[in-house]
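Enquirer: This is the structure I have questions about; it appears just below.
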Amino acid sequence: MSFSVEDLRKTLPNGKMAEFQEVMRQQLETSMHRELEKLLSTAKGNEAEVSKKDFEGFKELFHRFLQVKGPSVDWAKIHRPPEDSIQPYERIKAKGLPDSVAESLNKLVVVKLNGGLGTSMGCKGPKSLISVRNENTFLDLTVQQIEHLNKTYNTDVPLVLMNSFNTDEDTKKILQKYTHHRVKIHTFNQSRYPRINKESLLPVATDLEMTGRTRTSGTPRATGTSTPASTTRACWTS
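The sequence shown lines up with residues 4 to 241 when you count with the numbering used here.
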């Protein structure tokens, strides 16, 4: 005869159930830490240090996942932004340019999220490398726009791409064609977290290889996490 957690919930007193759940959480965290160490043991070269930093963030997130009950977002606390916080373009245009455009532009850094693949659009490789207009890719158009600003106002606005492990290699290859453009391009990688099995809550991957079957066993951290990713990684100039 087997018992589910729900069966135990019905038969155990509240205090005992809480104690049981705490023991389960501790066991899951211990098992997760053990599996992450196994994954790190398969790392090659400097991948070990990078993955170790990624996994520290993942451990924090996994701990919160085990502790927090109910939905992760309290939608009752989500409100529309104040009406004047988003300005229509026409209103901004009416204000005119600042006295020193160059001075303002020299404070600007353009950061583009570049972690997604174009598979949902029937394409291979990073979305930014898809041709969209006159054989220009999304990335071509971005470089052209920034280069136009730099040439017109004699400035040095850089482009920073936040890649994922899915797009980093292909992106670095294509960036070579912009060597003679007047745009400095930097890249850094999103954190890479292991996918976990729904039933066991343990990593699907058995090693950190970036190709073949195990590529689908990792996932970039959400694209809203540019700040922790950029502060724990150096910006690599391409």
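Heads up, the beta-carbon is just placed ideally off N, CA and C, and yes, glycines get one too.
Since the structure is predicted, the reported quantities are computational estimates derived from the model, not experimental observations.
Check whether the Cβ of Asn-166 lies closer than 9 Å to any Cβ atom in chain B.
Expert: Annotation note: the requested chain B is absent from the structure, which comprises a single protein chain.
Enquirer: Any idea what DSSP makes of Asp-67, helix, strand or coil?
Expert: Along the sequence shown, one-based indexing puts residue 67 at 64. Here residue 67 is Arg; the residue named in the question, Asp, does not match the sequence. Note: Arg-67 maps to helix in three-state DSSP.
Enquirer: Of the choices Arg-185, Gln-193, Ala-97, Ile-177, whose alpha-carbon is the least far from that of Asn-169?
Expert: Residue mapping note: residue 169 aligns to position 166 of the sequence shown, counting from 1. Selected option, being the one with the closest Cα: Gln-193.
Enquirer: Distance, Cα to Cα, Ser-203 vs Gln-147?
Expert: The residue given as residue 203 occupies position 200 in the sequence shown. The residue given as residue 147 occupies position 144 in the sequence shown. Taking the straight line joining both Cα atoms gives about 48 Å.
Enquirer: Since I believe Thr-145 is in contact with Leu-162 (beta carbons under 8 Å), could you give me their beta-carbon distance rounded to a whole number of angstroms?
Expert: Here residue 162 is taken as the residue at index 159 of the sequence shown, counted from 1. Here residue 145 is taken as the residue at index 142 of the sequence shown, counted from 1. Indeed they touch by this definition, with Cβ atoms about 7 Å apart.
Enquirer: Taking just the CA atoms, how far does Ser-54 sit from Pro-197?
Expert: Your numbering for residue 197 matches position 194 in the sequence shown. Your numbering for residue 54 matches position 51 in the sequence shown. Each residue's alpha carbon lies about 10 Å from the other.
Enquirer: Using three-state DSSP, classify Leu-164 as helix, strand or coil.
Expert: What you label residue 164 is simply residue 161 of the sequence shown in a count that begins at 1. Of the three classes helix, strand and coil, the one that applies to Leu-164 here is strand, per DSSP.
Enquirer: The alpha helix (DSSP H) that contains Arg-136, what's its start and end?
Expert: For this step, residue 136 is matched to residue 133 along the sequence shown. That residue, Arg-136, is in no alpha helix (DSSP H); its beta strand (DSSP E) goes 134-136.
Enquirer: Determine the direct distance from the alpha carbon of Val-135 to that of Asp-173, and round the result to whole angstroms.
Expert: To locate residue 173, count along the sequence shown from 1; it is residue 170. To locate residue 135, count along the sequence shown from 1; it is residue 132. Asp-173 and Val-135: Cα-Cα distance of roughly 18 Å.
Enquirer: Give the DSSP-derived three-state secondary structure of Arg-195 in the structure shown.
Expert: Locating residue 195 in the sequence shown gives position 192, where the first residue counts as 1. In this structure, Arg-195 counts as strand in the three-state DSSP scheme.
Enquirer: Which of helix, strand or coil does DSSP assign to Lys-98?
Expert: Translated into positions along the sequence shown, residue 98 becomes position 95. Coil, per DSSP.
Enquirer: Helix, strand or coil for Lys-115, going by three-state DSSP, please let me know.
Expert: Residue numbering aside, residue 115 sits at position 112 when the sequence shown is read from its first letter. Correct three-state label for Lys-115: strand.
Enquirer: Check the DSSP bridge columns for Thr-169 and list the partner residues they point to.
Expert: Position 166 of the sequence shown, counted from the start, is the residue given in the question as residue 169. According to the sequence shown, residue 169 is Asn rather than Thr. Asn-169 pairs with nothing; no bridge assigned.
Enquirer: Taking DSSP's pairing of strands, which residues face Pro-206 in a bridge?
Expert: By 1-based counting over the sequence shown, the position of residue 206 is 203. Bridge partners of Pro-206: Ile-199.
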